[in-house]
Structure formats: structure tokens, C-alpha cells
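Participant: Supplied in C-alpha cells, the structure appears directly below.
2 protein chains.
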Amino acid sequence: MTVSIPERYTDLLGREKKAFAYLALVRSDGSPQVTPIWFDFDGAHFIFNTARGRVKDRIMHRHPKVAFVITDPDNPYRYMQVNGQIEDETEEGAADMIRSLNVKYHGNPNYNIPPGQVRVTYKVLAERISTM
Amino acid sequence: MTVSIPERYTDLLGREKKAFAYLALVRSDGSPQVTPIWFDFDGAHFIFNTARGRVKDRIMHRHPKVAFVITDPDNPYRYMQVNGQIEDETEEGAADMIRSLNVKYHGNPNYNIPPGQVRVTYKVLAERISTM
């Protein structure tokens, strides 16, 4: 089951807007966690990228349910709330993906990946979207 | 156990900054939920206010662990991540509290509480704070 993006809010997903996602996850002890994170949208999936072994990675690897808010940086009262399911997790192309996100947010592809760090890309399908 | 606010970030809690909290909660089915919410800080507690019966209220009433991010509206790369425990839940003074929050965010106390709506205030003690 997927849902479509309300048309009046698609600008929040565009590369010009540079909006952040506030990604909520559930730790293994049942307590919540939330972090701002870069994202991209490929027309179907919300795409997140993190480093292998970080808390976000460990939780998402284990627990496929996520929720996030994407707020208009120009208006905090305008936002999209998404509940979704991780559909894909891959290291393939993940280093290129973080460079591509660096282009979106900082305008250049020179994202420094420390030696030994492995990047991982998570693709999320929205199951419920509400907008404000 | 409580923790202190890093001094360089106390401006995020001030009334001038008008920052939002992105509040993450865990639903009864174990999936995460996140919403932008107004907050205040009384020097010890983070204060949230919602309407009795809303999803946020039902979760917080049942599950005292919360997490939230407070981001500088002027710089999305500057934020405070808080994990906390609800220490108090009360309807007493809660209508005045939402009016006070309306003063903080909109500069006036005329917050419209629909007939029959009961407000509730949650006070959270921070257990872990990290800053970026």
C-alpha cells in the first residue's frame, strides 16, 4: 500500500527547498528517537542515507517502520507528516547518494567520507501522509 | 536523573527564538510518530500542551518516554536532541498554558479553545541532551 503526495506540498520534496526530515525511530528498549536528516525523493521513495553502524542504521536495519515530518524551512506551520515502511536497504551506490545529497543541501559533491566508513541508503514507501 | 542545558544552546529555549520541538512518540503498535509542537521551558521542565484525547495525549498518558529535537529556526544545522521522561501531566492551568504559548508564538493570548475541548499540560525532564 502506498499513498500519493498531495500536489500542493510537492515543493517540500524538491531540491530547491532544502527541507530536512525529522526522522523518528523506535529503539530496542521501546523509547523513541528523533533526528534531523537529509533526504531525497525519487518520485516514489523517500531516500535516507547514513553510515553503517550508527544508531539510525542499527534501528532501521532491524525495524522497518519509520515516521518523519518534513517542514517548509520558510514556514514552520506548513509541513508533511509521513508514516512509512522501509522497502530497500543497500550499500550499493550509497557513497554516490550522500554526495548527491551534499549537492542538494550544500551545492557541491565533495562530501567527506572518512576512511573505513560504509554508507547505506534506505528507501521508504509512504503508507500514510497528512499535511498541515 | 536530570541533565543541564548546554549554555551555548539556551537561546533555542527562549521565547524570542520561537523554535518548535519535533516530538517523537511510540504508538501502542510499536511504530513511531512525530509532530511539530509548541513548547516552553520553565528552567527545569520542557512543557508541552495538547488537547485531551488527541493521539499525542493518548500516547503520552500511557508511555512516559519521549524524544524531541529543537532546531534553531535560523540555522537547521544547529539543534538540540533531547530524550526525556514525563514527570507531570495536568489539566490544571492548561488552558492558561496554551494561551501563554500563543503569546510566545503569535504574540497574543487569544487562543481559541473550542467548546468542550480540555487542554492538558505535560512536563518533561530531560534525561539526555546532545547538541549539534
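Protein chains in written order, with our numbering: chain W, 1 to 132; chain G, 1001 to 1132.
The beta carbon of each residue, even a glycine, is placed where N, CA and C say it ideally should be.
1. Which residues in the same chain have their Cβ closer than 6 Å to the Cβ of W:Pro73, if we skip the five residues on either side of it in sequence?
2. What in chain W is Cβ-close to G:Ala1024, meaning under 7 Å?
3. Checking 8 Å against the spacing of the C-beta atoms, do W:Thr35 and W:Lys56 come in under that value?
4. What's the call for G:Val1118, buried or exposed, on a 16-neighbour Cβ count within 10 Å?
5. Report the rounded CA-to-CA distance for G:Gly1014 versus G:Gly1107, giving the unit in angstroms.
6. Buried or exposed: W:Ala44, going by 16 or more other Cβ atoms within 10 Å of its Cβ?
7. Counting only beta-carbon atoms, is G:Tyr1122 nearer than 8 Å to chain W?
8. Of all the residues that make up the stretch 1078 to 1091 of chain G, which are near chain W by a beta-carbon distance shorter than 8 Å?
9. In three-state terms, what does DSSP make of G:Ile1113?
10. Using a threshold of 8 Å, state whether the C-beta atoms of G:Ala1024 and W:Pro32 are closer than that.
11. For G:Val1069, which residues in chain W fall below 7 Å Cβ to Cβ?
12. Please classify G:Met1060: is it buried, with 16 or more other beta-carbons within 10 angstroms of its beta-carbon, or exposed?
13. Nearest to G:Glu1089 by CA position, among G:Tyr1077, G:Ile1047, G:Ser1028, G:Arg1008, is which residue?
14. Give a yes or no on whether 8 Å exceeds the smallest Cβ distance from W:Lys65 to chain G.
15. Which chain W residues are close to G:Pro1076, counting only those with a beta carbon under 7 Å from its beta carbon?
16. State the Cα-Cα distance for the pair W:Pro109 and W:Gly93, rounded to the nearest angstrom.
Facilitator: Here's the rundown:
1. If we look at W:Pro73 and ignore the five residues flanking it on each side, its Cβ neighbours are Ala19.
2. Per Cβ cutoff of 7 Å: Ala24, Pro32, Gln33, Val34.
3. Their beta carbons are under 8 Å apart, which means W:Thr35 touches W:Lys56 by this criterion.
4. G:Val1118 comes out exposed.
5. Counting only the Cα atoms, G:Gly1107 lies some 14 Å from G:Gly1014.
6. When all chains shown are included, W:Ala44 counts as exposed.
7. No, G:Tyr1122 lies away from the interface with chain W (no Cβ there is under 8 Å from its Cβ).
8. Listed in sequence order: Tyr1079, Gln1081, Asn1083.
9. In the three-state DSSP reduction, G:Ile1113 falls in the coil class, being neither helix nor strand.
10. Taking a C-beta distance under 8 Å as the contact criterion, G:Ala1024 and W:Pro32 qualify as a contact pair.
11. Residues of chain W passing the Cβ test: Tyr22, Val34, Thr35, Pro36.
12. In summary, G:Met1060 is buried, with 16 or more beta-carbon neighbours lying within 10 Å of its beta-carbon over all protein chains present.
13. Comparing Cα positions, the closest option is G:Ile1047.
14. Closer than 8 Å to some Cβ of chain G, the Cβ of W:Lys65 qualifies, so yes.
15. Result: Phe20, Pro36, Pro73.
16. Straight-line spacing of the CA atoms in W:Pro109 and W:Gly93 works out to 14 Å.
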